[in-house]
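**Student:** The sequence shown begins at 8 in the working numbering and counts up one residue at a time. All C-beta atoms in this analysis are idealised placements derived from N, C-alpha and C, irrespective of residue type, glycine included. Before I ask anything, let me first share the structure, which is written out below as structure tokens.
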Amino acid sequence: MDPVYIDIHIHTSENPDELNGSYDTRVLLSGVERMAKGSNALISLTDHNTVNKAAYLSLLANANSNIHLLIGAELHIKNYPEAPAYHCHIIFKCAINESTIDEINAVLDNLYPRKQVCKMDSSIPSIGDVINAFDSFEFILLPHGGQSHSTFNDSIPAGTKFDTTLMRSVYYNQFDGFTARSNSGLEETVAYFKRLGIAEFVNLVTCSDNYDPKKYPEAKRPSTSPFLPTWMFAEPTFDGLRLSLSEKTRFFYSNEKPDSWSEFIKSVHLKSDGIDIDIRLTPGLNVIIGGSSSGKTLLVDSIYRKLCDISFEDSPYNKFGVANIDVYNPSSTRPHFLPQNYIIKIIDPDSEKGIDNIEIIRNVFPEDAELKRKVGDGITKLREDVTHLMCCVEEIEKLEEALRKIPSVGRLIIKGEVKKNIISGLLPQPALRSSVRYDRRKYESHQAAMEDIRRLFEQNAFASEHEAAINEIENELKRLFSISEIEEVVYQTIRSAKESYEGCLREQSYENQQKNSNIDFLLGSIAKYIRLQLQFKDILNSISTYSITVETREIESMGHHLYLENHFNLSKEKVLETFNECLKTPDAISCFANITADSLFLSKFRQRAPKITSYNEFVEKVVEKFSKLNRTLYKIKTRDNRDFEDLSAGWKTSVLLDLVLDYDKDMVPVIIDQPEDNLASAYINEGLVSAIKKTKTHKQIILVSHNATIPMLADAQNIVYCKNENGMITIKSSSLEGSLDGIPVLDLIAKVTDGGKPSIKKRVKKYNLKKFTD
8 MDPVYIDIHI HTSENPDELN GSYDTRVLLS GVERMAKGSN ALISLTDHNT VNKAAYLSLL
68 ANANSNIHLL IGAELHIKNY PEAPAYHCHI IFKCAINEST IDEINAVLDN LYPRKQVCKM
128 DSSIPSIGDV INAFDSFEFI LLPHGGQSHS TFNDSIPAGT KFDTTLMRSV YYNQFDGFTA
188 RSNSGLEETV AYFKRLGIAE FVNLVTCSDN YDPKKYPEAK RPSTSPFLPT WMFAEPTFDG
248 LRLSLSEKTR FFYSNEKPDS WSEFIKSVHL KSDGIDIDIR LTPGLNVIIG GSSSGKTLLV
308 DSIYRKLCDI SFEDSPYNKF GVANIDVYNP SSTRPHFLPQ NYIIKIIDPD SEKGIDNIEI
368 IRNVFPEDAE LKRKVGDGIT KLREDVTHLM CCVEEIEKLE EALRKIPSVG RLIIKGEVKK
428 NIISGLLPQP ALRSSVRYDR RKYESHQAAM EDIRRLFEQN AFASEHEAAI NEIENELKRL
488 FSISEIEEVV YQTIRSAKES YEGCLREQSY ENQQKNSNID FLLGSIAKYI RLQLQFKDIL
548 NSISTYSITV ETREIESMGH HLYLENHFNL SKEKVLETFN ECLKTPDAIS CFANITADSL
608 FLSKFRQRAP KITSYNEFVE KVVEKFSKLN RTLYKIKTRD NRDFEDLSAG WKTSVLLDLV
668 LDYDKDMVPV IIDQPEDNLA SAYINEGLVS AIKKTKTHKQ IILVSHNATI PMLADAQNIV
728 YCKNENGMIT IKSSSLEGSL DGIPVLDLIA KVTDGGKPSI KKRVKKYNLK KFTD
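Rendered as structure tokens:
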């Protein structure tokens, strides 16, 4: 909604008893259009105690369509005989024509036979006289406040108790706002309205107090404080002004026209059997109201499906032809959407989904790229450990198979002399070989790491020069890899020579040499078997206590503190359970202590559901099942320092709505279907309303509600009214200050969401709101 420039304090004549019949409205209109900077303007000519009919008719004849007029006057009103009168603007809701102006002037002539009066004149009417005289008119009263003359608070003698219950009642019902040239120097007026208990509903509208259209918007006296224009976010009408006076967020005080840009859905249309949708949507808050089965959820569901290219095949509203709905969305952005009861389903303890399933909630939390990398590294390490574990199992199985082919120990007794293989002594022991082994996989991994470090130092402006050190390390890695490669070649050469010489020895004494070879193999295999079994136990114990815990930085949103926490913990029970899921049922392992290498041999793997045919497949299945245990937790510490998990469903919903409405990383519309479900009334009246009012200034909100608090206290810019009459759904829209089919929108809100005006009046009576200060 574009801002509207307001000035309802413009004089046409210095002497109201002799009105200026040739007031130059063309010059005034030029000045108003200059100040409005292309926006609509709402103005009123308010001479003292009278209406200049000639000037109003001239304005009507000369004004462009962006200039909107209200009939008004600046009245003198007396509170006490011994105190000066105060100035008060009266603005009428009426047609602007000769007969209406004559009727108003007739009343003013009775109240003010002389238009130019002395402020101490005892004949000046009281506020009660004015209200009674204009009883047949609809009007608002706006006293002066903060200006250098004739303010409301100056009309009361010092020490007089004016804030009685009767006075509060009068002014609560009659004062809609107050006027001044700027928003400074208002402290005394505001303080007095607070004493009356009406400050919360009575707001300032600044006015020029101009007398000379050629000098617009300058005031009559050069010493008067500078004029600071008021910009109104409402329709340029009487009702728009009246509504804005009760909601300070609708007014913006600035010499510059405020920016009101936002991406928003503009209109929705659908006409088919059983339904007629013809609505205009605006920036800010759009509230959808209506009775049961009137099409509220149909509307938001269909808007979302259309804008997000979601199929209508499963729509429960297909009988209305909703696939043909026309949604005008110039920006082509896809809105965020929270369907009815969606949040409560997400936070259900039995739900498989978490709050991260809500896209906008997921986006509120800190970025998790670093967390994912750390967790990914941890899962990679786990995969390596499981792979190493099963390599041990596979090696042990091969050893056992090979050992079965060696004759019993008694058959290995050697009789006679056996020539030794002198080359055997040249073969290094496994431990020694292990100390110099540097395989290609590790070497390439270290090379990549060094290249990462080099790029970091090159790209980081604060890094010192370390190129020489990096080159030195890279050269050393290359040297060690070369040594390892040479060692492997030498080892294989010696081993080949050893085996060749053994062949020669066997030809000389086959039986004894074969027995000797078997003994050597047996001893080597036993040592290797023991080493593999120890490795198996160590790796198994390491896996069973595996743990990854990572936290992101903490951010704040709406006073709540948010961070991501990743927990991945394995236990002996979970390892046992996972292994058994991959083994045949008869071969299931009874307890963790009974997990041995031979209990995981290939022959014991499942052959269906799932079918596992190799050690590699076993590793993949186990790691896959382990990875499912990895969870990223979305942690919230509320503004009152409570853990989100400990909250009731209603308060969880309220926290999530806070986060949804506070999300400012994009400007796309937010659609929420009945957010008040499961919410505490205290949160709706304070937290939800505050969050909506903050968000709607920069983002379109489309919200279905049955609660009058939301459109009224959150100050909806637009109301969408849904009704179902004899199976025919009709959906229309209007501004909060507007009307639909001749019925004021405010009356529709009262009827649909608040039990109707009689119900409201009865509640006011029962609440005993007489003093207005409670």
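Less than 8 Å between CB atoms is the rule here; does T645 satisfy it with respect to chain B?
**Tutor:** Of the protein chains in the structure, only one exists, and it is not chain B.
**Student:** In whole angstroms, give me the CA-to-CA distance for I480 and R447.
**Tutor:** Start at 1 with the first residue of the sequence shown, and residue 480 comes out as number 473. Start at 1 with the first residue of the sequence shown, and residue 447 comes out as number 440. Spanning the two alpha carbons is a distance of roughly 17 Å.
**Student:** Compute the beta-carbon to beta-carbon distance between E270 and V711, rounded to the nearest angstrom, for a pair I have assumed lies under 8 Å.
**Tutor:** Along the sequence shown, one-based indexing puts residue 270 at 263. Along the sequence shown, one-based indexing puts residue 711 at 704. With a Cβ gap of about 21 Å, E270 and V711 do not count as contacting.
**Student:** Can you check DSSP and say which residues form a bridge with C729?
**Tutor:** Reading the sequence shown from its first residue, position 722 is the one you call residue 729. Note: C729 sits in a beta bridge opposite G297, I738.
**Student:** Exposed or buried, what is G316 when buried is set at 16 or more other beta-carbons lying within 10 Å of its beta-carbon?
**Tutor:** Within the sequence shown, the letter at position 309 stands for residue 316. The amino acid at residue 316 is misidentified as Gly; the sequence shows Asp. With fewer than 16 other Cβ atoms within 10 Å, it is exposed.
**Student:** For the candidate residues D392, P337, L747, S230, whose alpha-carbon lies nearest to that of I272?
**Tutor:** If you number the sequence shown from 1, residue 272 lands on position 265. It is P337.
**Student:** Pop quiz: L292 and V275 are said to be a contact at Cβ under 8 Å. What is the actual Cβ separation, rounded to whole angstroms?
**Tutor:** Numbered from 1 along the sequence shown, position 285 holds the residue referred to as residue 292. Numbered from 1 along the sequence shown, position 268 holds the residue referred to as residue 275. With a beta-carbon spacing of about 16 Å, L292 and V275 fall beyond the 8 Å limit used to define contacts.
**Student:** Does R411 come out as helix, strand or coil in the three-state DSSP assignment?
**Tutor:** As a position in the sequence shown, residue 411 is number 404, starting the count at 1. Residue state, collapsed to three classes: coil.
**Student:** From E89 to D128, what distance separates their C-alpha atoms?
**Tutor:** Working through the sequence shown from its first residue, we reach residue 89 at position 82. Working through the sequence shown from its first residue, we reach residue 128 at position 121. Taking the straight line joining both Cα atoms gives about 10 Å.
**Student:** Quick one, are the C-beta atoms of I367 and I354 less than 8 Å apart?
**Tutor:** Here residue 367 is taken as the residue at index 360 of the sequence shown, counted from 1. Here residue 354 is taken as the residue at index 347 of the sequence shown, counted from 1. Contact: no.
**Student:** Suppose you measure from the CA of T57 to the CA of A70; what does that come to, to the nearest Å?
**Tutor:** Position 50 of the sequence shown holds residue 57. Position 63 of the sequence shown holds residue 70. In this structure, the CA atom of T57 is about 22 Å from the CA atom of A70.
**Student:** Name the two residues that bound the continuous alpha helix (DSSP H) containing D116.
**Tutor:** Locating residue 116 in the sequence shown gives position 109, where the first residue counts as 1. Its alpha helix (DSSP H) spans residues 105-118.
**Student:** Counting only the same chain and skipping the five closest in sequence on each side, list residues whose C-beta sits under 7 Å from that of V393.
**Tutor:** What you label residue 393 is simply residue 386 of the sequence shown in a count that begins at 1. Answer for V393: I550, V626, V629, V630, listed in chain order.
**Student:** Please classify R188 as buried or exposed, where buried requires at least 16 neighbouring CB atoms within 10 angstroms.
**Tutor:** By 1-based counting over the sequence shown, the position of residue 188 is 181. With 16 or more Cβ atoms within 10 Å of its Cβ, R188 is classed as buried.
**Student:** Excluding the 5 residues preceding and the 5 following G734 in the sequence, name in chain order all residues of the same chain whose CB lies nearer than 7 Å to its CB.
**Tutor:** Start at 1 with the first residue of the sequence shown, and residue 734 comes out as number 727. Result list for G734: G281, in chain order.
**Student:** When DSSP builds the beta bridges, which residues end up paired with K618?
**Tutor:** In the sequence shown, residue 618 corresponds to position 611, counting from 1. DSSP output for K618 lists Q614 as bridge partner(s).
**Student:** I'd like the list of long-range same chain contacts for A604, defined as Cβ closer than 8 Å, with 5 residues on each side in sequence excluded.
**Tutor:** Position 597 of the sequence shown holds residue 604. The residues are C399, V400, I403, E404, L539, Q540, F543.
**Student:** Could you check what DSSP says for A48 in three-state terms: helix, strand or coil?
**Tutor:** Counting from 1 along the sequence shown, the entry for residue 48 is found at position 41. If DSSP states are grouped into helix, strand and coil, A48 belongs with the strands.
**Student:** Counting C-beta neighbours from all protein chains within 10 Å, is the total for L463 16 or more, i.e. buried, or is it exposed?
**Tutor:** As a position in the sequence shown, residue 463 is number 456, starting the count at 1. Under this definition L463 is an exposed residue.
**Student:** Whose C-beta lies closer than 8 Å to the C-beta of K505 among residues of the same chain, with five residues either side of it excluded?
**Tutor:** On the sequence shown, residue 505 is found 498 positions in, with the first residue counted as 1. These residues qualify, in order along the chain: N428, I430, S431, L433, L434.
**Student:** Rounded to the nearest angstrom, what separates Y218 and A48 at their Cα positions?
**Tutor:** In the sequence shown, the residue the question calls residue 218 occupies position 211. In the sequence shown, the residue the question calls residue 48 occupies position 41. Each residue's Cα considered, the two are about 18 Å apart.
**Student:** Measuring alpha carbon to alpha carbon, tell me which residue in D384, V557, L77, L609 is nearest M397.
**Tutor:** Position 390 of the sequence shown holds residue 397. Cα-wise, what sits closest to M397 is L609.
**Student:** Near E117, which residues of its chain fall below 8 Å by C-beta distance, leaving aside the five closest residues on each side in sequence?
**Tutor:** If you number the sequence shown from 1, residue 117 lands on position 110. First, the amino acid is wrong: residue 117 is Asn here, not Glu. Same-chain partners within the cutoff: A140.
**Student:** Under 8 Å: do the stretch 724-732 and the stretch 380-392 share three or more Cβ pairs, one atom per stretch?
**Tutor:** no
**Student:** Assign G152 to one of two classes, buried (16 or more other C-beta atoms within 10 Å of its C-beta) or exposed (fewer than that).
**Tutor:** Residue mapping note: residue 152 aligns to position 145 of the sequence shown, counting from 1. Buried.
**Student:** Use the C-beta contact count for K227: other C-beta atoms within 10 angstroms, 16 or more gives buried, fewer gives exposed.
**Tutor:** For this step, residue 227 is matched to residue 220 along the sequence shown. Result: exposed.
**Student:** Hey, quick one: how far does the alpha helix (DSSP H) through S578 stretch, first residue to last?
**Tutor:** Sequence index remark: in the sequence shown, residue 578 carries index 571 (1-based). Taken as a continuous stretch (DSSP letters only), S578 belongs to no alpha helix (DSSP H), as it is neither H nor E.
**Student:** Label K278 either buried or exposed according to how many other C-beta atoms from any shown protein chain fall within 10 Å of its C-beta, with 16 as the threshold for buried.
**Tutor:** On the sequence shown, residue 278 is found 271 positions in, with the first residue counted as 1. K278 is exposed by the Cβ-count criterion.
**Student:** Excluding sequence positions up to five away, which residues of its chain have a Cβ less than 6 Å from the Cβ of A698?
**Tutor:** Within the sequence shown, residue 698 is the residue found at index 691, counting from 1. So the qualifying residues of the chain are D665, L668.
**Student:** Check each candidate in I284, Y349, V662, I295 and name the one with the smallest Cα separation from I332.
**Tutor:** One-based indexing of the sequence shown puts residue 332 at position 325. With distances taken between Cα atoms, I332 lies closest to I284.
**Student:** Evaluate D799 with the Cβ neighbour count: other Cβ atoms within 10 Å of its Cβ, from every protein chain shown; 16 or more gives buried, anything less gives exposed.
**Tutor:** Look at the range of the chain in this structure, 8 to 781, and you will see that residue 799 is not part of it.
**Student:** From K221 to D142, what distance separates their C-alpha atoms?
**Tutor:** Locating residue 221 in the sequence shown gives position 214, counting from the first residue. Locating residue 142 in the sequence shown gives position 135, counting from the first residue. About 37 Å.
**Student:** Can you round the beta-carbon distance between S215 and H83 to whole angstroms, since I take them to be within the 8 Å contact cut?
**Tutor:** One-based indexing of the sequence shown puts residue 215 at position 208. One-based indexing of the sequence shown puts residue 83 at position 76. Contact doesn't hold; Cβ gap of about 20 Å is too wide.
**Student:** May I have the straight-line CA-CA distance separating L345 from I678, to the nearest angstrom?
**Tutor:** As a position in the sequence shown, residue 345 is number 338, starting the count at 1. As a position in the sequence shown, residue 678 is number 671, starting the count at 1. Cα to Cα, L345 sits roughly 6 Å from I678.
**Student:** Taking the DSSP output, what are the residues bridged to P751?
**Tutor:** Position 744 of the sequence shown, counting from 1, holds the residue named residue 751. Note: P751 is bridge-paired with S746 in the DSSP secondary-structure output.
**Student:** Using a Cβ-Cβ cut-off of 7 Å (strictly less than) and excluding sequence neighbours within five positions of V557, which residues of its own chain qualify?
**Tutor:** For the purposes of this step, residue 557 is taken as the residue at position 550 of the sequence shown. So the qualifying residues of the chain are L378, K381, V382, N573.
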